[in-house]
Each structure stands twice: as C-alpha cells, then as structure tokens.
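Here the structure is laid out as structure tokens; the discussion comes afterwards.
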Amino acid sequence: MSLFLPGLGQLYNRDTHLALPLMVAAFLLPIPGLWLIAALPATVAALATAVAALAVIAFTLSAIVQAVIRARRAGAISLAWFNRWYVYIGLYVLLVIWQSAAPLVPISSVTGYSMPSGSMIPTLLVGDHFEARTRSFSGRSPERGELALFRLPSYPDIDFVKRIIGLPGDRVQLREGRLYLNDALVERVPLSDEEVAPLVQDLRSARAYRETLPGGISYLIAEIGDDEGLDNTPEYLVPADHVFVLGDYRDRSNDSRAKLGFIPIALLRDKPLFIFWSSDFSRLGAILE
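For what it's worth, our numbering labels the leading residue of the sequence shown as 173, then goes sequentially.
The structure is reproduced here in structure tokens:
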C-alpha cells in the first residue's frame, strides 16, 4: 500500500500521526520540486533530478519498511472507519488526479521523452530518454540553434524534436549538403576520431561534424554525403511568426525541407535539457546542446 502512496501503510496500521504527514508530503512536494528543477540551468537540473529521484526512492522505501515493521509488531489490528478499501483507493485516485492536473498550471516543469528515430543523431540516439523543460518558449522568442519539441495539426499524435535554424525573416538554403544562412556559409568542422568513436555504431556510414551558427552556438550533426536527396534545396524565406527547423542527422530527417515545412512559433512547446537514460551509460546526464 505504501508503494502506491507513502502513508497508506501507516493509515492501515492506524498510525494517523505519521500517515497524514507522509501523505501530505507525497501530494505536495513532487510538483513544486519539478517546478524548481525546471527553473535551474540544464547542468544543475541534471544533478538536481538525480538527487530528487534518490530522495523519492529513499522516502518511499522508508515508508514501506516502517509500515511493514509496525504491522508485524502490532499483529491483529482492530479496523477503524477509515480502514476500508474504498478509502485507500479514493486517496490514490486523488493523487492521480492531482498529478494529472498539475501540468495544467501555467508554470514551467520538467517531463520525460524517449527518442524512437535516428533523425537527431548524434545529439540524440535511438532509445535515448531525455528530460525537457515544459512551456520553455512561452513569453519569449526562440533562438537559433535551440532544440525544440512541438506538435503539428497534421501530425496530432507525434512529438517532433528538431533544431531551430532559421528565425522570422531569415533566408535558409542547403547547397551540396552545406548550410547557408542569409547567403553566408555556416561553419562546420569534422569531428576527431576520439569524438566520433562513441557514435560509430549509430553513425554507420555517416560522418560527424560540429556546426557553428552565427553568434557562436555550436552542435553536432551527421551526414552520409553531400549529394543526398535533401542536400540541395531552394532558398527558404522564413515567414513571420515561424521558424525553420532541421534534424541533426541531415540525410535522415523529416524537417522544414520536407513535409514539416515552417513551424509556427506558437506551436513550440518544450526544450530538451539532458539525457536521463540510455543504453550507453556514458551518456547518462549528458547535456543536450
């Protein structure tokens, strides 16, 4: 019972003086904790998330152990009016409702996503799980180079993650695989063998580069070659209130060059922060540039 909601085991044991504080803590602390983590820089948020996860595990285990020990020592317990199955279920349902309603509060929080495709290799690998800051673009303009999560009316059930390349008024074009922004070639340099080594399995026949936008924002991209299907495009003029996005795996991404088109700024939702789980343990906690 305490596994579902810390304090329920104590309530069963009629330790109400302990059950109530535990349940109040289980209800009230996690959501503000997520709001606090969302307000932190990505580098600090990753550490804070790990600490918070360990604290939740310790809190839940201690509630379970205490309830089990108390129940074994007490033996038979005469049931009070609140020791009924519907009371326990009702409290758990209230917890679920509270957790479901909390994201509706217009405050940035953090939420988890998983990466099912290779369109963002080498930044995100297939199977990576990452945390993102919700409502990250509310009340501010997006910046070139930022990662963004969004949904489109044409794909209402799919969360896309792409990189913002062009802002309203920018001219974007790819020529022989090279990115041009406002008719200026965007700098890119190949990664060294040491930098590529952890990514070889996912890159396969592709090459990895570090691309640097005007203003100094840099990130990793991958390309199979400079003559693939989307490596030569017309010049795109980004309309007002929209952005132009690309996948980091330039030859394997459905983005603004393809079916997605320009993305309305109003549809930008969350911003990826860091990887919290990956089959490659060396990527755990990696900050997403």
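Glycine included, C-beta positions come from ideal geometry on N, C-alpha and C.
Please confirm whether residue i and residue j have their CB atoms less than 9 Å apart.
i	j	result
residue 174	residue 236	yes
residue 314	residue 389	no
residue 208	residue 452	no
residue 416	residue 336	yes
residue 228	residue 181	no
residue 423	residue 456	no
residue 320	residue 429	no
residue 225	residue 212	no
residue 266	residue 309	no
residue 254	residue 183	yes
Which same chain residues end up closer than 8 Å to residue i when comparing Cβ atoms and leaving out the 5 residues on each side of it in sequence?
i	result
residue 287	296, 297, 298, 299, 300, 301, 302, 333
residue 406	345
residue 264	176, 177, 180
residue 307	278, 279, 280, 281, 441, 442
residue 357	350, 351
residue 193	179
Could you tell me which of the options sits nearest to residue i, measuring between CA atoms?
i	options	result
residue 285	454, 450, 461	450
residue 360	386, 324, 251, 211	386
residue 238	185, 250, 282, 217	185
residue 434	443, 391, 413, 310	413
residue 516	215, 244, 283, 344	Past the edges of the chain, shown from 173 to 461, lies residue 516, and the structure says nothing about it.
residue 418	346, 443, 377	346
residue 392	384, 398, 399	384
residue 443	190, 322, 356	322
residue 325	310, 400, 307, 439	439
residue 432	397, 356, 358, 328	328
residue 363	382, 354, 377, 353	382
residue 377	234, 398, 358	398
residue 448	193, 217, 188, 190	217
Could you round the C-beta distance between residue i and residue j to whole angstroms and report it? I think they count as a contact, below 8 Å.
i	j	result
residue 408	residue 349	Wrong, their Cβ atoms sit about 16 Å apart, outside the cutoff.
residue 195	residue 179	4 Å
residue 425	residue 291	4 Å
residue 410	residue 317	About 15 Å separates the two Cβ atoms, so there is no contact after all.
residue 274	residue 330	The pair is not a contact, with the Cβ atoms about 24 Å apart (cut-off 8 Å).
residue 305	residue 210	5 Å
residue 245	residue 187	So it is not a contact: roughly 11 Å between Cβ atoms.
Among residues of its own chain, excluding the 5 on either side of residue i, which ones have a beta-carbon nearer than 7 Å to its beta-carbon?
i	result
residue 231	178
residue 396	377, 378, 423
residue 252	186
residue 191	179, 182, 183
residue 249	185, 186
Take residue i and list the residues in its own chain whose beta-carbon comes closer than 6 Å to its own, dropping the five residues that flank it on each side.
i	result
residue 279	207
residue 256	none
residue 461	391
residue 197	none
residue 343	354, 407, 409
Problem set entry | Uninterrupted alpha helix (DSSP H) stretches inside the segment 173 to 217 (no shorter than 4 residues) | 180 to 184, 188 to 200, 202 to 210
Exercise. Along the chain, which unbroken stretches of the beta strand (DSSP E) at least 3 residues long are found entirely within the segment 296 to 330?
Worked result: 301 to 305, 319 to 324
Exercise. Residue ranges of each beta strand (DSSP E) run of no fewer than 3 residues wholly in the segment 230 to 303, ordered along the chain?
Worked result: 282 to 286
Exercise. Which residue spans inside the segment 390 to 426 form an unbroken beta strand (DSSP E) run of at least 3?
Worked result: 390 to 395, 414 to 418
For this session: With a floor of 4 residues, list each alpha helix (DSSP H) that falls wholly inside the segment 330 to 362, ordered by position along the chain.
Result: none
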